[in-house]
Amino acid sequence: TTEIYTEQIVGSVRCVQETVTKLLAQLDESKQFLQHERILSAAYQKDLQEERSKNLRKSIEDLEMARLQSEFEMCKTSYTDSQRENELIKEELVSLRAVSYTHLRAHETPEHLVCRLLLEKKT
(Lines of atoms letter the chains of each structure in order from A and count residues from 1; the text may use other names and numbers.)
(Lines give C-alpha, C1' and ligand atoms only; values in the text may rest on other atoms or scores of the structure.)
Protein backbone atom coordinates (compact mmCIF):
# COMPACT_ATOMS: atom_id res chain seq x y z
CA THR A 1 0.00 0.00 0.00
CA THR A 2 2.89 2.31 0.59
CA GLU A 3 3.96 1.74 -2.94
CA ILE A 4 0.51 2.68 -4.16
CA TYR A 5 0.59 5.89 -2.12
CA THR A 6 4.09 6.61 -3.38
CA GLU A 7 3.01 6.11 -6.96
CA GLN A 8 -0.01 8.34 -6.40
CA ILE A 9 2.17 11.02 -4.81
CA VAL A 10 4.75 10.74 -7.61
CA GLY A 11 1.90 10.95 -10.13
CA SER A 12 0.49 14.01 -8.37
CA VAL A 13 3.93 15.63 -8.22
CA ARG A 14 4.41 14.98 -11.96
CA CYS A 15 0.98 16.45 -12.63
CA VAL A 16 1.86 19.53 -10.54
CA GLN A 17 5.23 19.79 -12.35
CA GLU A 18 3.50 19.62 -15.75
CA THR A 19 0.98 22.23 -14.64
CA VAL A 20 3.75 24.47 -13.32
CA THR A 21 5.71 23.99 -16.56
CA LYS A 22 2.61 24.91 -18.62
CA LEU A 23 1.97 27.95 -16.41
CA LEU A 24 5.59 29.07 -16.74
CA ALA A 25 5.36 28.70 -20.51
CA GLN A 26 2.15 30.76 -20.51
CA LEU A 27 3.85 33.32 -18.29
CA ASP A 28 6.78 33.56 -20.73
CA GLU A 29 4.34 33.97 -23.61
CA SER A 30 2.53 36.70 -21.67
CA LYS A 31 5.82 38.47 -20.92
CA GLN A 32 6.80 38.32 -24.60
CA PHE A 33 3.34 39.59 -25.60
CA LEU A 34 3.60 42.49 -23.12
CA GLN A 35 7.10 43.32 -24.30
CA HIS A 36 5.89 43.26 -27.90
CA GLU A 37 2.95 45.51 -26.94
CA ARG A 38 5.33 47.93 -25.20
CA ILE A 39 7.49 48.06 -28.33
CA LEU A 40 4.43 48.69 -30.48
CA SER A 41 3.17 51.29 -28.03
CA ALA A 42 6.53 53.05 -28.00
CA ALA A 43 6.66 52.97 -31.80
CA TYR A 44 3.09 54.31 -31.95
CA GLN A 45 3.94 57.08 -29.47
CA LYS A 46 7.02 57.97 -31.50
CA ASP A 47 4.98 58.03 -34.74
CA LEU A 48 2.32 60.10 -33.04
CA GLN A 49 4.93 62.56 -31.74
CA GLU A 50 6.57 62.78 -35.18
CA GLU A 51 3.16 63.41 -36.77
CA ARG A 52 2.42 66.16 -34.24
CA SER A 53 5.83 67.73 -34.87
CA LYS A 54 5.27 67.53 -38.62
CA ASN A 55 1.84 69.16 -38.27
CA LEU A 56 3.30 71.86 -36.02
CA ARG A 57 6.10 72.58 -38.52
CA LYS A 58 3.49 72.76 -41.31
CA SER A 59 1.37 75.18 -39.26
CA ILE A 60 4.41 77.37 -38.58
CA GLU A 61 5.34 77.32 -42.28
CA ASP A 62 1.75 78.25 -43.22
CA LEU A 63 1.74 81.13 -40.73
CA GLU A 64 5.11 82.37 -42.00
CA MET A 65 3.86 82.18 -45.59
CA ALA A 66 0.70 84.11 -44.66
CA ARG A 67 2.84 86.76 -42.90
CA LEU A 68 5.11 87.09 -45.93
CA GLN A 69 2.15 87.35 -48.29
CA SER A 70 0.63 90.02 -46.05
CA GLU A 71 3.90 91.97 -46.02
CA PHE A 72 4.15 91.59 -49.79
CA GLU A 73 0.62 92.94 -50.24
CA MET A 74 1.40 95.88 -47.93
CA CYS A 75 4.60 96.63 -49.87
CA LYS A 76 2.76 96.30 -53.16
CA THR A 77 0.05 98.68 -51.94
CA SER A 78 2.67 101.09 -50.63
CA TYR A 79 4.56 100.90 -53.93
CA THR A 80 1.34 101.47 -55.87
CA ASP A 81 0.49 104.47 -53.65
CA SER A 82 4.01 105.80 -54.17
CA GLN A 83 3.64 105.35 -57.93
CA ARG A 84 0.32 107.28 -57.84
CA GLU A 85 1.97 110.09 -55.86
CA ASN A 86 4.83 110.22 -58.38
CA GLU A 87 2.36 110.35 -61.26
CA LEU A 88 0.45 113.20 -59.59
CA ILE A 89 3.69 115.10 -59.03
CA LYS A 90 4.67 114.55 -62.67
CA GLU A 91 1.26 115.80 -63.80
CA GLU A 92 1.65 118.92 -61.63
CA LEU A 93 5.15 119.53 -62.93
CA VAL A 94 4.05 119.07 -66.51
CA SER A 95 1.11 121.45 -65.96
CA LEU A 96 3.51 124.16 -64.71
CA ARG A 97 4.78 126.50 -67.35
CA ALA A 98 7.30 129.27 -67.34
CA VAL A 99 6.08 132.85 -67.02
CA SER A 100 7.88 136.11 -67.56
CA TYR A 101 9.37 138.30 -64.85
CA THR A 102 6.87 141.00 -65.76
CA HIS A 103 4.02 138.57 -65.18
CA LEU A 104 5.42 137.70 -61.76
CA ARG A 105 5.82 141.37 -60.87
CA ALA A 106 2.24 142.01 -61.93
CA HIS A 107 1.00 139.52 -59.30
CA GLU A 108 3.47 140.53 -56.61
CA THR A 109 2.18 141.36 -53.12
CA PRO A 110 4.08 142.42 -50.00
CA GLU A 111 3.72 138.86 -48.70
CA HIS A 112 4.97 137.33 -51.95
CA LEU A 113 7.83 139.41 -53.21
CA VAL A 114 9.40 138.63 -56.57
CA CYS A 115 12.57 140.62 -56.06
CA ARG A 116 13.55 142.04 -52.69
CA LEU A 117 16.41 144.09 -54.09
CA LEU A 118 14.11 146.10 -56.33
CA LEU A 119 11.68 146.70 -53.48
CA GLU A 120 14.46 147.77 -51.11
CA LYS A 121 15.81 150.35 -53.62
CA LYS A 122 12.36 151.91 -53.93
CA THR A 123 12.13 152.71 -50.23
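So the sequence shown is numbered by this note's numbering: it starts at 1432 and just counts up by one.
Positions of the beta carbon are idealized from the N, C-alpha and C atoms, including for glycine.
Bear in mind the structure is a predicted one, so any value in this text is a computation, not a measurement.
Span separating the alpha-carbon of residue i from that of residue j
{"i": "residue 1530", "j": "residue 1522", "result": "18 angstroms"}
{"i": "residue 1502", "j": "residue 1490", "result": "18 angstroms"}
{"i": "residue 1433", "j": "residue 1463", "result": "44 angstroms"}
{"i": "residue 1446", "j": "residue 1455", "result": "14 angstroms"}
{"i": "residue 1467", "j": "residue 1481", "result": "21 angstroms"}
{"i": "residue 1441", "j": "residue 1452", "result": "16 angstroms"}
{"i": "residue 1500", "j": "residue 1513", "result": "19 angstroms"}
{"i": "residue 1535", "j": "residue 1518", "result": "28 angstroms"}
{"i": "residue 1488", "j": "residue 1465", "result": "34 angstroms"}
{"i": "residue 1473", "j": "residue 1461", "result": "18 angstroms"}
{"i": "residue 1478", "j": "residue 1492", "result": "21 angstroms"}
{"i": "residue 1438", "j": "residue 1476", "result": "56 angstroms"}
{"i": "residue 1459", "j": "residue 1470", "result": "16 angstroms"}
{"i": "residue 1520", "j": "residue 1527", "result": "11 angstroms"}
{"i": "residue 1524", "j": "residue 1516", "result": "12 angstroms"}
{"i": "residue 1486", "j": "residue 1496", "result": "15 angstroms"}
Check: residue i C-beta below 7 angstroms from any heavy atom of the ligand ATP
{"i": "residue 1526", "result": "In the structure on display, the ligand ATP does not appear, and there are no ligands present to speak of."}
Span of the alpha helix (DSSP H) around residue i
{"i": "residue 1529", "result": "Looking at the DSSP string, residue 1529 is not in any alpha helix (DSSP H), and its letter there is neither H nor E."}
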